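These notes are about the structure you will find just below.
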Amino acid sequence: APRGHGNPSIVDEGGMQSEGVGSYWPFATGRRVDQANILLNQIRETANTLFVLIPNQHIGCWKTGFAPQWVAREYLARRGSATFRPTELKPARCSLLGHHRESMQVEGQTIGTLFFDVSKQPEVGVEAYDKGADILRTFFLTHLDYFDHDELNPLGRQI
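Quick note on numbering: the sequence shown equals residues 14 to 172 in our numbering.
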């Protein structure tokens, strides 16, 4: 969970950080490779669990507060265990962000593509989106060394 604006940091390493109520690593004990293997096994053993990435505070340049989380909770609660069809999802321009909907309808209101693909927001555009994606890739690459260990689950290494 990226640290929200105005929230105090318990860990300050400089640069982009991930921290908040849903943070795991600041509270993990022992070796990171062991914790990573535990998390990966937990995810693999709960295949019916849906994992979603929901923005907090902003979508692109638009300040949204917690509205994305409220809408997603409402939408997913009404869908039950129904999964998205492959035709409903499209790959995100930045592969680290997985896939996204083109649009969706919630309570009769259409949420359009500008909320799902911020590269289409006129205030952002492709160039700024790609620069942001590079920052995100760099963030992940700088953290991969923590897990470069012979004991890392082979699937974790592949991912």
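Beta carbons: idealized from backbone N, C-alpha and C, even for Gly. Only a predicted model underlies this, so the values are computations on that prediction, with no experimental measurement involved.
#### Entry: DSSP state of Asp-163 mapped onto helix, strand, coil
When secondary structure is reduced to three states using DSSP, Asp-163 falls in the coil class, being assigned neither helix nor strand.
### Query
Since Pro-81 is in the alpha helix (DSSP H), which residue starts that stretch and which ends it?
Unbroken alpha helix (DSSP H) run through Pro-81: 80-92.
### Task
Return no unless some Cβ of chain C is closer than 8 Å to the Cβ of Arg-92.
Among the chains in the structure shown there is no chain C, since it carries only a single protein chain.
#### Entry: Arg-98 - DSSP class collapsed to helix/strand/coil
Residue state, collapsed to three classes: coil.
### Query
In terms of alpha-carbon separation, which member of Ala-85, Phe-79, His-71 lies closest to Phe-64?
The shortest C-alpha separation from Phe-64 is found at Ala-85.
### Query
Anyone know if the C-beta pair for His-113 and Phe-129 falls short of 8 Å?
Yes, Cβ-Cβ distance for His-113 and Phe-129 is below 8 Å.
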